[in-house]
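Have a look at the structure below before the remarks.
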Amino acid sequence: MFKGFIFDVDGTLYSYKANDKIATHQLCKYAQQNFNLDEEKFRAVYTEARRIVKEERLTDGGARHSRVLFFQTVLELLGKNPFNYTLKMYNVYWDNFLKQIQPFDGVIEFLSKIKNCGGKIALCTDMTAHIQYRKIEKLGLSNFIDYMVSSEETGQEKPSPAMFNLALKKLNVEPNETAYFGDSPERDIVGAASLGIKPFWFLAEQRGEDLKLDCVKFKSYREIFNLIDNF
């Protein structure tokens, strides 16, 4: 029987792809209005800025995902003063990202059932903590979550054991008492399985036929809703 339940956030509790698409489109409009850059040119600079931050300046930890650092680097590449635009770009992106964010179908009911059955829930995420708190609040999930572990907190990203072990410690459960839900095969599923945590692979936005691991694959939280009775 599972006592602890650990969830990835982005792509697992809600659609990251859909909201990132909306936010990036608005960011492109901002760049066109303020820097006279067409969308193709801005996207190219944005992609390069992300590469610089993630591959040249930071190799691990939550700061690799900081939009503040991305936009600061964009402005450096464009020869613009970052103090004039960085926080404005940050707000354009995240305000539009959060505007229509919604949990995947069945998430609220699934988390509610876990809590009603006495289970404890933690989040395990590679993003910076501040924006993840904002997402969870906007998604209406705050009252279901007991703990969060971010790569900003551990200094390491999934599939590092540090991420999963800290979540287990906060939940005060053993690996064999824990279920993990995530969408990334390499970071989530392999990472959890390597420590003896039972992985559940969420496939709503991808295919999973090639992964040969002992995990439960599901495309809707309603598919596994009744499994709680067996937990």
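Taking this note's numbering, I'd label the letters of the sequence shown as residues 1085 to 1315. Cβ coordinates follow ideal geometry from the N, Cα and C atoms, glycine included. Since the model is a prediction, treat every value here as computed from it, not as a measurement.
query, result
"Using only CA atoms, which one of 1264, 1109, 1117, 1137 lies nearest to residue 1206?", "1264"
"Per DSSP, residue 1207 is paired with what?", "1091, 1232"
"Helix, strand or coil for residue 1238 per DSSP?", "helix"
"Quick check: what's the CA-CA separation for residue 1303 versus residue 1164?", "44 Å"
"Give the secondary structure of residue 1131 by DSSP, where H, G and I count as helix, E and B as strand, and everything else as coil.", "helix"
"How about the stretch 1182-1195 and the stretch 1092-1105: do they share at least three Cβ pairs that are nearer than 8 Å?", "yes"
"Please list the terminal residues of the continuous alpha helix (DSSP H) segment that includes residue 1265.", "Taken as a continuous stretch (DSSP letters only), residue 1265 belongs to no alpha helix (DSSP H), being part of the beta strand (DSSP E) at 1262-1266."
"Counting only the same chain and skipping the five closest in sequence on each side, list residues whose C-beta sits under 6 Å from that of residue 1271.", "1242, 1243"
"Near residue 1246, what residues of its chain come up, given a Cβ to Cβ distance below 7 Å and the 5 sequence neighbours on each side ignored?", "1238, 1240"
"Looking at the structure shown, is residue 1302 part of a helix, part of a strand, or coil, going by DSSP?", "strand"
"Need the endpoints of the alpha helix (DSSP H) that residue 1283 sits in, please.", "Run containing residue 1283: none in the alpha helix (DSSP H); it sits in the beta strand (DSSP E), 1282-1286."
"Write down the C-beta distance between residue 1161 and residue 1132 rounded to the nearest angstrom, noting that I regard them as a contact closer than 8 Å.", "6 Å"
"Only counting the same chain, and skipping five residues up and downstream in sequence, which positions put a Cβ closer than 7 Å to that of residue 1234?", "1146, 1209, 1211, 1212, 1213, 1216"
"With distances taken from CA atoms, which of 1183, 1138, 1086 is nearest residue 1110?", "1183"
"Say whether the stretch 1247-1266 touches the stretch 1281-1290, bearing in mind that this needs 3 or more beta-carbon pairs closer than 8 Å, one atom from each stretch.", "yes"
"Closer than 8 Å by C-beta to residue 1154: which residues in its own chain qualify, once you throw out the five before and the five after it? Chain order, please.", "1130, 1133, 1134, 1137"
"Is residue 1170 buried or exposed, if buried means 16 or more other CB atoms sit within 10 Å of its CB?", "buried"
"Answer yes or no: do residue 1151 and residue 1142 have a C-beta to C-beta separation smaller than 8 Å?", "no"
"Which of the three DSSP states, helix, strand or coil, is assigned to residue 1187?", "strand"
"In terms of residues, what are the limits of the alpha helix (DSSP H) holding residue 1245?", "1245-1255"
"Rounded to a whole number of angstroms, what is the C-alpha to C-alpha distance between residue 1252 and residue 1298?", "20 Å"
"Taking the alpha carbon of residue 1125 as the point to measure from, which residue in 1181, 1158, 1236, 1093 has its own alpha carbon closest?", "1158"
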